[in-house]
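Residue numbers (the numbering used here), protein chains in the order written: chain B, 568 to 989; chain V, 2 to 330.
These notes concern the structure reproduced below.
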């Protein structure tokens, strides 16, 4: 039984192919890439881009502990609907993923319920308390893809240094949520004119910048690799750019809402504009776009953070941080980065496939004969309107409801199986 | 009377002064004098039937004596049924959301819901979802529009009386607001309201209590009290929350007094005619010296008296939408 994708425009980010070509899938592998192929079953991808399934280094699937927000099953369906075939799940669950047994639990739930590939990240410290290093050697051995205390940065410089050293020794990359909480009291949005006007407590950009700076300095001291999560500020990006120019092993990601929205979105007190780090100001949005265009930003991640309707249907300051992102990310890349000519379609694919995969060394994110048949087919021109009730995610907390976007996922294939449409 | 009529009132709610036009603000101010007269009736019958049969619910999630009393009185003097609910945030702990609370009140056919809440935006999110007229009686640090309206009314009344110009407005007036600007919804609403009415505003307080980029609201900003009040027609002192000291926002009450207290000594820098105002309750001798609060330039109790009339005007305007100027006697 073989499946052949014909008539599409193939973009292979590693091979550098961007041409009309067919893809033949046999079993869970890509058998051939070339012209004039055929198979038992044929998908006509005329007018569409055929590329590797998307890879997201930053999602919250909430299982175990918060299954009313999302599960590995629903999160993976949201991923498939958004074109993703690999996601790295964050370990801030209850209980947190801080030991080998918990990694095995996630992988078992993934086998039982997920339609795409789940790459669990483990905690860097026990109970995410920022005090004692987790057993990273064993975590790596059972399948942890990375380590992070995402959501909480490790406050102690001593502990952070040792985490970076030990993780690097184990071949694990630390995913750094950079937030110096000592500078915030009860911050709910970006600090600036809009927080002043709205009377909401602010989160200054220095909160992010200071911690990016510290973490990069510690990574240099530890001679370790580090990945900076969700960069939002021009200042934070400048620090990363400088570190890269100095040859440090630093990578970073940003999320679609940071190049599409500013803190003006908070004006209506909509809790779907509340996330951490917060939406910034126009000069930051410009800097993030620039960073994506010039390569300072290595990849796009979603920070997919589902919450229930009720949890978000409250006063702004009481609402939890976070927005969903898996089902809108690709279209926001196409609509806001590719169409205005900021980046090429090829670069867009790279930012969402091979680039994130390479950061953690995941064996996905490219189209290669003999490689896994994780394939996305999308129409880069097709228009659609974001209707949260159509999401496969349990979370409907998107700031993009009602927006018309271009770039529509047609078919998502994971290990040779069509996982979307279902 | 013969001013060119503004547009009629069309809003369901009063959430903040940032949203209002000068004409809308003036409509409320022009509606209030008749209610000042009602409250001062020699007959002692301080009541009109404009909201007879209506239900006004005061929903207070924060402790308040004066504002709540003022709203209760305003409703009663308009002949509405009014009730006050002191909801603690413990209802949140019990699992009832703010929208749930409003749904329950509306199930009893409320016409106006007055809300005081500790979080910014509470009035706005209610106004957008619910059908009652929502009046914001203070939401976190965001806005306190009825306070700013009664302040503007009091300033205008003083200008008209002292200048003997019954049509005078606030154009050209200089207002200095002194204190903890960061945490003050009164400062924000006054900044919006006064600048829209043509006054100029200077905000003054310790650097630690001035929020970032507040000059974007069209006001001047300084941390020098003498500079703030040297040309002020109105010196408006804000209540300082004593507990801010423990959060490193100022070093001591003693030092605050030294640098920012409005008293006979610091007022030497102000013009002799400058009016003294305060939203209450006063920390006597901390942000405002007793001799100034009680002195001849103080209109602090007049603010309280006018507060009832202005809140009557707001309720009347929201529910009955009177034509501009028609009701002014």
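No residue lacks a Cβ here, since even glycine has one placed at the ideal position from N, Cα and C.
| field | Which listed residue (597(B), 629(B), 604(B), 733(B)) has its alpha carbon closest to that of residue 620(B) | value | Comparing C-alpha distances from residue 620(B) to each of 597(B), 629(B), 604(B), 733(B) shows the shortest one belongs to 597(B).
| message | As an exercise, report each continuous beta strand (DSSP E) stretch of at least 3 residues that is fully enclosed by the stretch 79 to 142 of chain V, in chain order. | response | Given a length threshold of 3 residues, each whole run of the beta strand (DSSP E) inside the stretch 79 to 142 of chain V is given here in chain order: 82 to 87, 113 to 118, 134 to 140.
| said: Here's a check: name, in chain order, each residue in its chain whose Cβ is nearer than 8 Å to the Cβ of residue 67(V), leaving out the five neighbours to either side. | reply: Non-local beta-carbon contacts of residue 67(V) in its own chain, meaning distances under 8 Å to residues more than five positions away in sequence, involve 281, 282, 305, 308 in chain order.
| query | Per DSSP, what kind of secondary structure is residue 984(B) in: helix, strand or coil? | reply | Here residue 984(B) sits in strand by DSSP.
| query | Using 8 Å as the threshold, is the stretch 916 to 926 of chain B in touch with the stretch 864 to 884 of chain B, meaning 3 or more CB pairs across them? | reply | Yes: at least three Cβ pairs fall under 8 Å.
| request: Compute the Euclidean distance between the alpha carbons of residue 149(V) and residue 315(V), then round it to the nearest angstrom. | output: The alpha-carbon atoms of residue 149(V) and residue 315(V) are separated by roughly 12 Å.
| said: Tell me which residues share the same chain as residue 777(B) and place their Cβ nearer than 6 Å to its Cβ, disregarding the 5 neighbours each side in the sequence. | reply: The answer, listed in chain order, is 747.
| message | Across the stretch 935 to 942 of chain B and the stretch 871 to 880 of chain B, are there enough close Cβ pairs to call them in contact, namely three or more that are closer than 8 Å? | response | At 8 Å Cβ cutoff, the stretches do not touch.
| task | For the beta strand (DSSP E) containing residue 278(V), list its first residue and its last residue. | result | In the DSSP assignment, residue 278(V) falls within the unbroken beta strand (DSSP E) covering 276 to 278.
| request: Enumerate in chain order the residues of its own chain whose CB-to-CB distance from residue 18(V) is below 6 Å, with the five nearest sequence positions on each side excluded. | output: Once the five neighbours on either side are set aside, the close Cβ partners of residue 18(V) are 146, 149, 190, 193, 194.
| field | Of the residues 253(V), 139(V), 234(V), the one placed nearest residue 765(B), counting alpha carbons only | value | Nearest option by C-alpha distance: 139(V).
| field | Where residue 758(B) meets chain V, residues with beta-carbon distance less than 7 Å | value | Residues of chain V passing the Cβ test: 213.
| query | Listing by chain order, which chain V residues have their CB less than 8 Å from the CB of residue 875(B)? | reply | Within chain V, no residue has its beta carbon less than 8 Å from that of residue 875(B); the closest one is some 12 Å off.
| field | Interface residues of chain V facing residue 763(B) [CB-CB closer than 7 Å] | value | Going along chain V in sequence order, the residues near residue 763(B) (Cβ under 7 Å) are 212, 213, 214, 215.
| query | In chain V, what lies closer than 8 Å to residue 694(B) by C-beta? | reply | None at all; the shortest Cβ gap to chain V is about 25 Å.
| query | Just reading off the beta strand (DSSP E) that residue 598(B) is part of, what are its end residues? | reply | Per DSSP, the continuous beta strand (DSSP E) segment holding residue 598(B) begins and ends at 596 to 601.
| message | For a test of the three-state rule: what should DSSP assign to residue 822(B), helix, strand or coil? | response | In the structure shown, residue 822(B) sits in coil (DSSP, three-state: anything other than H, G, I, E or B).
| Which stretch, first to last residue, makes up the beta strand (DSSP E) that contains residue 576(B)? | Counting along the chain, the beta strand (DSSP E) containing residue 576(B) begins and ends at 576 to 579.
| From the beta carbon of residue 776(B), is the nearest beta carbon of chain V less than 8 Å away? | Not an interface residue.
| said: Using a Cβ-Cβ cutoff of less than 7 Å, which residues in the same chain neighbour residue 707(B) once the five nearest sequence positions on both sides are dropped? | reply: Its chain contains 737, 738, 739 as the residues whose beta carbon lies nearer than 7 Å to that of residue 707(B), once the 5 sequence neighbours on both sides are disregarded; these appear in chain order.
| query | What's the call for residue 103(V), buried or exposed, on a 16-neighbour Cβ count within 10 Å? | reply | Looking at its Cβ environment, which holds 16 or more other Cβ atoms inside 10 Å, residue 103(V) is buried.
| said: If we define contact as Cβ-Cβ less than 8 Å, is residue 141(V) a contact residue for chain B? | reply: Output row for residue 141(V): interface = yes.
| Can residue 819(B) and residue 855(B) be called in contact, C-beta distance under 8 Å? | Not in contact: residue 819(B) and residue 855(B) (Cβ atoms no closer than 8 Å).
| Span separating the alpha-carbon of residue 30(V) from that of residue 311(V) | The C-alpha of residue 30(V) lies about 7 Å from the C-alpha of residue 311(V).
| said: Check whether chain B comes within 8 Å of residue 98(V), counting only Cβ atoms and requiring the distance to be less than that. | reply: For residue 98(V), the answer is yes, since a Cβ of chain B falls inside 8 Å of its Cβ.
| said: Let me confirm a value: residue 3(V) is counted as buried when at least 16 other C-beta atoms fall within 10 Å, else exposed. Which label applies? | reply: Unreliable placement is indicated for residue 3(V), whose pLDDT of 37 sits below 50; no coordinate value is reported for it.
| query | Closest Cβ-Cβ distance between residue 881(B) and chain V: below 8 Å? | reply | For residue 881(B), the answer is yes, since a Cβ of chain V falls inside 8 Å of its Cβ.
| task | For the alpha helix (DSSP H) holding residue 876(B), just list the boundary residues, first then last. | result | First-last of the alpha helix (DSSP H) with residue 876(B): 876 to 879.
| field | Cut-off 6 Å between Cβ atoms - residues of its own chain near residue 168(V), not counting five sequence neighbours on either side | value | The beta carbon of residue 168(V) lies closer than 6 Å to none in the same chain, with the five residues before and after it left out.
| said: Quick check: what's the CA-CA separation for residue 590(B) versus residue 682(B)? | reply: Straight-line Cα distance between these residues: approximately 21 Å.
| Sub-8 Å separation of residue 198(V) and residue 180(V) beta-carbons | Taking 8 Å as the cut-off, the Cβ atoms of residue 198(V) and residue 180(V) do not count as close.
| query | Does the beta-carbon of residue 595(B) have 16 or more other beta-carbons within 10 angstroms, so that it is buried, or is it exposed? | reply | Taking all protein chains shown into account, residue 595(B) has fewer than 16 neighbouring C-beta atoms within 10 Å of its C-beta and is therefore exposed.
| query | Does the stretch 683 to 696 of chain B come within contact of the stretch 661 to 668 of chain B, defined as at least 3 CB pairs closer than 8 Å? | reply | The stretch 683 to 696 of chain B is in contact with the stretch 661 to 668 of chain B.
| task | Have a look at 735(B), 841(B), 885(B), 951(B) and flag the residue whose alpha-carbon is nearest the alpha-carbon of residue 926(B). | result | Closest by alpha carbon: 735(B).
| query | Do the stretch 958 to 967 of chain B and the stretch 645 to 652 of chain B meet, that is, are 3 or more Cβ pairs less than 8 Å apart? | reply | The answer is yes - the stretch 645 to 652 of chain B touches the stretch 958 to 967 of chain B, with three or more Cβ pairs under 8 Å.
| task | To the nearest angstrom, report how far apart residue 175(V) and residue 843(B) are at their CA atoms. | result | Here the alpha carbons of residue 843(B) and residue 175(V) stand approximately 40 Å from one another.
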